[in-house]
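J.: First the structure, which I've put down as structure tokens, then a few questions once you've had a look.
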Amino acid sequence: MKRCPWAETHPLLTAYHDEEWGVPQYDEERLFELLILESAQAGLSWLTVLKKREGYRDAFAQFDVEKVAAFDQQKIEGLCQSPHIIQNRRKIAAAVNNARQFIAIAEKHGSFSRFLWSFVDNKPITNHWKNPSDVPASTPLSARLSGELKKRGFTFVGPIICYSYMQAVGMVNDHLIHCFCHGKSF
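Going by my numbering, the first residue of the sequence shown is number -13, and it counts up by one from there.
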């Protein structure tokens, strides 16, 4: 089977690529999980985050957005000491803040999923890239999503993080055209 080249460098990346990346997600808990993980990735490799994913699940209450939104300063300080997640105070505080903003958007729009998917008219964008170098790091659409999230109080959601998030949740299918996942129907 042919895959996107980045997915062939480690078993965790292979599994993520084959089973998750580019698959449309509408479940609120999964959308929140991927938002937190993508924000945690800033400046790091995705493999680093995947290796700590179980630690994140434990540290962030299995990504129960209501529980994370209730984390206080003491909880944040404790998480900053955890070797099971990325020990970056700003990223951890952003996760708690973003949980609160996630809830606010869900309340206003009926769900975070509805808000998010409106950026692509509820239909995934399928690109037709031939080479890894063709895949952009960000797009005007990811910049627009980033701006809207920032306007609503989110942090660690720049255009590059937003584009990675859009790929992760299947809003954008950036599997290369030779990859067996490119033509999958989800």
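Ideal placement from N, C-alpha and C gives every residue a C-beta, glycine not left out.
Please read all numbers here as calculations on a predicted model, not as lab measurements.
1. Is the separation between the beta-carbon of Phe88 and that of Val51 shorter than 8 Å?
2. Grouping DSSP H, G and I as helix and E and B as strand, with all else coil, what is Asn159?
3. Can you grab the Cα-Cα spacing for the pair Gly8 / Leu135, in whole Å?
4. Specify the secondary structure class of Ile22 as computed by DSSP and reduced to three states.
5. Helix, strand or coil for Ile111? Go by DSSP, reduced to three states.
6. Apart from the five residues just before and just after Thr125, which ones in its own chain have a Cβ nearer than 7 Å to its Cβ?
7. Taking Asp120 as the reference, give the member of His161, Leu131, Ala1 with the closest Cα.
8. Take every Cβ of the stretch 62 to 72, pair it with every Cβ of the stretch 37 to 49, and state whether three or more of those distances are shorter than 8 Å.
9. Could you tell me the boundaries of the alpha helix (DSSP H) in which Ser99 lies?
10. Where do the ends of the alpha helix (DSSP H) carrying Val54 lie?
11. Report the rounded CA-to-CA distance for Thr141 versus His114, giving the unit in angstroms.
12. Give the DSSP-derived three-state secondary structure of Lys170 in the structure shown.
13. Spatial neighbours of Lys37 within its chain, please: C-beta separation below 8 Å, excluding the five flanking residues on both sides.
T.: In short, the structure shows the following:
1. The residue given as residue 88 occupies position 102 in the sequence shown. The residue given as residue 51 occupies position 65 in the sequence shown. In contact: Phe88 and Val51 (Cβ atoms closer than 8 Å).
2. Taking the first residue of the sequence shown as 1, we reach residue 159 at position 173. Reduced to three states, the DSSP call for Asn159 is strand.
3. Within the sequence shown, numbered from 1, the residue matching residue 8 stands at position 22. Within the sequence shown, numbered from 1, the residue matching residue 135 stands at position 149. Approximately 21 Å, taken between the alpha carbons.
4. Residue 22 sits at position 36 when you count from the first residue of the sequence shown. Looking at Ile22 - three-state DSSP - the assignment turns out to be helix.
5. In the sequence shown, counting from the first residue as 1, residue 111 sits at position 125. If DSSP states are grouped into helix, strand and coil, Ile111 belongs with the strands.
6. The sequence position of residue 125 within the sequence shown is 139, counting from 1. Taken in chain order, the residues that qualify are Tyr149.
7. What you label residue 120 is simply residue 134 of the sequence shown in a count that begins at 1. For Asp120, the nearest C-alpha among the options comes from His161.
8. yes
9. The residue you call residue 99 lines up with position 113 of the sequence shown. Its alpha helix (DSSP H) spans residues 98 to 103.
10. Taking the first residue of the sequence shown as position 1, residue 54 is located at position 68. Taken as a continuous stretch (DSSP letters only), the alpha helix (DSSP H) holding Val54 covers 51 to 55.
11. Residue numbering aside, residue 141 sits at position 155 when the sequence shown is read from its first letter. Residue numbering aside, residue 114 sits at position 128 when the sequence shown is read from its first letter. Going by the C-alpha atoms only, they are around 31 Å apart.
12. The count along the sequence shown starts at 1 and reaches residue 170 at position 184. Coil at Lys170, not helix or strand.
13. Against the sequence shown, residue 37 aligns to sequence position 51. Leu(-2).
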